[in-house]
Amino acid sequence: MNRPLRDPVCSCDAPALTEGLISVETAFARLAETVTALPGTDCVPLMQAAGRVLAAPVAARAPLPPFDNAAMDGYALRAADLTGSGPWTMPVCDRIAAGDVPRGPASGAVRIFTGAPLPPGADTVVMQEAVTRHGEVITLTERPQRGSHVRRAGEIAREGAELVATGQRLTPRRIAAIAAAGHGRVTVARRPRVALVITGDEICAADGTRDAAAIWDVNGPLFHSALLETGAEVTLHHAPDDRAATRSLLADLAKRADLIVTTGGISVGEEDHVRPAMEALGTRMTFAGVAVKPGKPVCVGRLGQAHWLGLPGNPVSAYVIWHLFGRYLLNTLQGIDQTSKPARRAICESLLRHRKGRAEYRLARLDPAAPRDAQIVLCPDTKASGHITWLAQADGLICLPAQSGDIPAGTELAFLPFGQPD
Numbered sequence: 000m001n002r003p004l005r006d007p008v009c010s011c012d013a014p015a016l017t018e019g020l021i022s023v024e025t026a027f028a029r030l031a032e033t034v035t036a037l038p039g040t041d042c043v044p045l046m047q048a049a050g051r052v053l054a055a056p057v058a059a060r061a062p063l064p065p066f067d068n069a070a071m072d073g074y075a076l077r078a079a080d081l082t083g084s085g086p087w088t089m090p091v092c093d094r095i096a097a098g099d100v101p102r103g104p105a106s107g108a109v110r111i112f113t114g115a116p117l118p119p120g121a122d123t124v125v126m127q128e129a130v131t132r133h134g135e136v137i138t139l140t141e142r143p144q145r146g147s148h149v150r151r152a153g154e155i156a157r158e159g160a161e162l163v164a165t166g167q168r169l170t171p172r173r174i175a176a177i178a179a180a181g182h183g184r185v186t187v188a189r190r191p192r193v194a195l196v197i198t199g200d201e202i203c204a205a206d207g208t209r210d211a212a213a214i215w216d217v218n219g220p221l222f223h224s225a226l227l228e229t230g231a232e233v234t235l236h237h238a239p240d241d242r243a244a245t246r247s248l249l250a251d252l253a254k255r256a257d258l259i260v261t262t263g264g265i266s267v268g269e270e271d272h273v274r275p276a277m278e279a280l281g282t283r284m285t286f287a288g289v290a291v292k293p294g295k296p297v298c299v300g301r302l303g304q305a306h307w308l309g310l311p312g313n314p315v316s317a318y319v320i321w322h323l324f325g326r327y328l329l330n331t332l333q334g335i336d337q338t339s340k341p342a343r344r345a346i347c348e349s350l351l352r353h354r355k356g357r358a359e360y361r362l363a364r365l366d367p368a369a370p371r372d373a374q375i376v377l378c379p380d381t382k383a384s385g386h387i388t389w390l391a392q393a394d395g396l397i398c399l400p401a402q403s404g405d406i407p408a409g410t411e412l413a414f415l416p417f418g419q420p421d
């Protein structure tokens, strides 16, 4: 499955593209130095907060749970009332369902249901399967442990305890914790304004008429959806293969966007107009070219107040670089702390051919037949890895270190899963 490359050198190893490259680690260090969270916050209803990034911590408004309650259906009683060696017989003096307020202290056994508050004095719940009931009397044959099947007030969190920290993207699970804390509104980071620019005269809409020299637009739908996943506000633009027109468009977008994402036009060809246009506009480069495969020409810079991420034109290469640098950049703009997110580890299923010099991020699929305790990944050969069909099938990226040559089957490598929550 992993055949060696037939060609001795791929096009991205051309000398014009290999000078002045920085390592992936250096690229991340420069991003950390130059990209900070955007100013501004919004206060939104919790029901509309999915996908937003929390800009202020959320603390519990009351203890969680707010009162002692039954963890299952049964009978609430005082353990101290069970004297002697048993069996024990007790009258049923009350009935409390979830939402009911106890009428008074327990003076015997109280029929109780899951989530209902314990009556004053009761400290134990006996599950209904452990008793025999005849009319208004129950009989127990085994002594329950004091405190069994009771959820104590505050055992999950004390009043004022922080439940969700600043910089967390609001997933359904985190929204559930905020709701449990008693909050109906949250303060979130404002959405980054992103201008997505697709380049190339050969590009036409996927539902349009395609002439003999045209190709359907993949990068537009691909990165529009990828940006929406990060919580950004996205506008879509097309730049023709004309340097003056490209320069004019980028200059205008820099006045209105927090981030410009371009696809294509950053290599060294005569029809690569994006990078020359950005340089002519005075863009301050964070880096231009990284020792990574694919996507070596990747550029990051700043034009006025707008950041710029220049991606390759090939959709697979562009998405690999997006997953590596683009999500990091967007998350940082929204205030997400990304310093303590170690990569997962996975074992390569077969020999991986690799040339030393550049870190390679290859599409990989988790082996569904692998044991539960083993993360084994399957990789296509280097030619198939550029196919859009493999992008649809992949579960993430496997990293082949820059200093490594061919990597034997069974080697443990870093694995970056797609769809990993922030």
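Numbering (numbering that gives the first Met the number 0), first residue to last: 0 to 421. From the three backbone atoms N, C-alpha and C, an ideal C-beta is built for every residue, glycine too.
For F286, count the other beta carbons within 10 Å of its own beta carbon; 16 or more makes it buried, fewer makes it exposed. Which is it? buried
First and last residue of the alpha helix (DSSP H) that includes M277? 273 to 279
Quick one: grab the DSSP three-state call for H133. The three-state reading of DSSP puts H133 in strand, counting E and B together.
Buried or exposed by the 16-neighbour rule on C-beta atoms within 10 Å, applied to A333: It should be noted that the sequence gives Gln, not Ala, for residue 333. With 16 or more other Cβ atoms within 10 Å, it is buried.
Beta-carbon proximity check, L139 vs P86, cutoff 8 Å: yes
Taking 8 Å as the threshold, find out whether the segment 389 to 403 comes into contact with the segment 362 to 369 through three or more Cβ pairs. yes
Less than 7 Å between C-beta atoms, sequence neighbours within five positions excluded: which residues of the same chain meet that for I397? Cβ within range, chain order: A345, C347, R361, A363, V376, C378, L412, F414.
For D41, three-class secondary structure by DSSP: Three-state DSSP puts D41 in a strand.
Contact set for V297: own chain, Cβ-Cβ below 6 Å, skip 5 residues either direction: V289, I320
Anyone know if the C-beta pair for G181 and D240 falls short of 8 Å? no
Just confirm the distance between the C-beta atoms of I387 and V315, as a whole number of angstroms; I'd bet it's less than 8 Å. 6 Å
Limits of the unbroken beta strand (DSSP E) element including F414: Run containing F414: 411 to 416, per the beta strand (DSSP E) assignment.
Going along the chain, which unbroken runs of the beta strand (DSSP E) with 3 or more residues stay wholly within the segment 30 to 106? 40 to 44, 73 to 76, 87 to 95
Measure the beta-carbon distance from V196 to V260 and round it to whole angstroms, keeping in mind my assumption that it falls under 8 Å. 7 Å
Contact under 8 Å by Cβ, V57 with V163: yes
Go to A175, then tell me how far its alpha helix (DSSP H) extends in each direction, as first and last residue. 171 to 179
Using the rule of at least 16 other Cβ atoms within 10 Å of the residue's Cβ for burial, across every protein chain shown, is G309 buried or exposed? buried
According to the neighbour-count rule (16 or more other Cβ atoms, all chains shown, within 10 Å of its Cβ), is G263 buried or exposed? G263 is buried by the Cβ-count criterion.
Between the CA atoms of A179 and R60 - distance to the nearest angstrom: 9 Å
Helix, strand or coil for A408 per DSSP? coil
Looking only at its own chain, which residues have a Cβ that is under 7 Å from the Cβ of R242, when we skip the five neighbours before and after it? When the five nearest sequence neighbours on each side are left out, the beta carbons in the same chain lying within less than 7 Å of the beta carbon of R242 are those of H272, P275, A276, in order along the chain.
Where does A15 fall in DSSP's three states? Note on A15: pLDDT 39, under 50, position unreliable in the model; no value is reported.
Within the same chain, show all residues whose beta-carbon is closer than 6 Å to that of H237, passing over the 5 residues directly before and after it, in chain order. I197
Classify V8: buried if its beta carbon has 16 or more other beta carbons within 10 angstroms, exposed otherwise. Here V8 scores only 32 on pLDDT, less than 50, and its place in the model should not be relied on; the value that follows carries that caveat. Exposed.
Where the alpha helix (DSSP H) through V163 begins and ends: Unbroken run through V163 is the beta strand (DSSP E), 161 to 163; no alpha helix (DSSP H).
Cut-off 7 Å between Cβ atoms - residues of its own chain near A97, not counting five sequence neighbours on either side: F112, T113, G114, A115
Does DSSP put V369 in a helix, a strand or coil? With the sequence shown as reference, residue 369 is identified as Ala, and Val is not the correct amino acid for it. Coil at A369, not helix or strand.
Do R157 and L45 have their CB atoms nearer than 8 Å? The answer is no: Cβ separation not under 8 Å.
Identify the continuous alpha helix (DSSP H) that holds V437 and give its terminal residues. Because the chain spans 0 through 421 in this model, residue 437 falls outside it and cannot be assessed.
May I ask you to list the residues that DSSP assigns as paired with P116? N68
For T138, write down the residues that DSSP places opposite it in a beta bridge. Its beta-bridge partners are T88, T131.
How long is the line joining the alpha carbons of E109 and G153, rounded to whole angstroms? Position check: residue 109 holds Val in this sequence, whereas Glu was assumed. Roughly 23 Å between the two C-alpha positions.
Distance between beta carbons of L37 and A188, contact taken as under 8 Å: 7 Å
Hey, how far is the Cα of T245 from the Cα of R173? 42 Å
Measure from the alpha carbon of G312 to the alpha carbon of each residue in Y74, I265, V34, F27, then state which is nearest. Measuring from the Cα of G312, the nearest candidate turns out to be I265.
Simplified DSSP state of A253, which is helix, strand or coil: helix
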